[in-house]
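S.K.: Residue numbers 555 to 689, in our numbering, belong to the letters of the sequence shown in order. Just so it is clear, CB atoms sit at the ideal spot from N, CA and C, and this is done for glycine as well. Following this message is one structure expressed as structure tokens.
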Amino acid sequence: MNRPGFISLLTVILVGAVASSVALIILFSGVTSSKTSFSVTQSAQAKAAANACAELALGVIQANITTPTPTTNSYTIDINTKAQCDYSITGVAPNYSVNSTGTVDATGKNIKKRVSVTLNQVGPTLNIASWQEVP
């Protein structure tokens with residue numbers, strides 16, 4: 555049974571199936587990459603919010619080097635991204651510790667980053683012994 559063009563038709567169908575599969579893989583990898591990029595952006599925003607709150611806490615300490623502890627406060631950084639932060643100040647002069655948390659919840663994932671700052675001198679200038687992101 556000899557059918558003219560059967561091999562050509564079968565080849566075209568197979569090549570089309572392979573090309574469609576490759577196109578779908580590229581499409582889905584692009585979507586995944588886009589989601590990952592957005593998560594990285596939100597993570598950076600959360601860290602920036604945590605750093606901003608730590609800076610605000612340092613301003614409180616610099617304004618009053620005998621700040622009573624524990625002291626806490628919360629702020630909304632950006633209403634569009636739902637970026638918020640809070641800080642707590644513990645310890646006594648000159649050895650204060652500041653713990654700050656930045657939160658971004660624009661998509662309901664509630665991404666948090668934390669920063670810990672340790673001081674070992676206050677007045678006339680603050681000396682930061684350490685400033686690090688903590689898990």
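From what residue to what residue does the beta strand (DSSP E) around residue 673 run?
M.R.: Indexing the sequence shown from 1 puts residue 673 at position 119. Here the beta strand (DSSP E) through residue 673 covers 665–675.
S.K.: Which one of 626, 571, 561 and 577 has the shortest CA to CA distance from residue 610?
M.R.: Position 56 of the sequence shown, counted from the start, is the residue given in the question as residue 610. When only C-alpha atoms are compared, the closest one is 626.
S.K.: Any contact of the segment 635–651 with the segment 667–676, i.e. 3+ C-beta pairs under 8 Å?
M.R.: The answer is yes - the segment 667–676 touches the segment 635–651, with three or more Cβ pairs under 8 Å.
S.K.: So who's on the other strand from residue 645, going by DSSP bridges?
M.R.: Numbered from 1 along the sequence shown, position 91 holds the residue referred to as residue 645. Partner(s): 650.
S.K.: Does residue 595 come out as helix, strand or coil in the three-state DSSP assignment?
M.R.: Translated into the one-based positions of the sequence shown, residue 595 becomes position 41. DSSP places residue 595 in helix when its eight states are reduced to three.
S.K.: For residue 628, which residues in the same chain have their Cβ closer than 6 Å to its Cβ, ignoring the five residues on either side in sequence?
M.R.: Taking the sequence shown and counting its residues from 1, one reaches residue 628 at position 74. 640.
S.K.: Give a yes or no on contact between the segment 653–670 and the segment 631–639, applying the rule of three or more CB pairs nearer than 8 Å.
M.R.: Touching, yes.
S.K.: With a Cβ-Cβ cutoff of 8 Å, do residue 645 and residue 623 count as a contact?
M.R.: Residue 645 sits at position 91 when you count from the first residue of the sequence shown. Residue 623 sits at position 69 when you count from the first residue of the sequence shown. Closer than 8 Å, so yes.
S.K.: Start and end of the beta strand (DSSP E) containing residue 618?
M.R.: Residue 618 sits at position 64 when you count from the first residue of the sequence shown. Looking at the DSSP string, residue 618 is not in any beta strand (DSSP E), and its letter there is neither H nor E.
S.K.: If contacts are defined as beta-carbon pairs under 8 Å, then residue 601 and residue 663 qualify, I think. What distance do you get, rounded to the angstrom?
M.R.: Taking the sequence shown and counting its residues from 1, the one referred to as residue 601 is at position 47. Taking the sequence shown and counting its residues from 1, the one referred to as residue 663 is at position 109. The Cβ separation is near 15 Å, so there is no contact.
S.K.: Going by C-alpha distance, which of 661, 605, 558 and 684 is nearest residue 592?
M.R.: Counting from one through the sequence shown, the residue named residue 592 turns up at place 38. Residue 661 is the option with its Cα nearest to residue 592.
S.K.: Return yes when the Cβ of residue 605 is within less than 8 Å of the Cβ of residue 669, no when it is not.
M.R.: Numbered from 1 along the sequence shown, position 115 holds the residue referred to as residue 669. Numbered from 1 along the sequence shown, position 51 holds the residue referred to as residue 605. Contact: yes.
S.K.: I need the boundaries of the beta strand (DSSP E) containing residue 625, first residue and last residue.
M.R.: Counting from 1 along the sequence shown, the entry for residue 625 is found at position 71. 625–632 is the extent of the beta strand (DSSP E) around residue 625.
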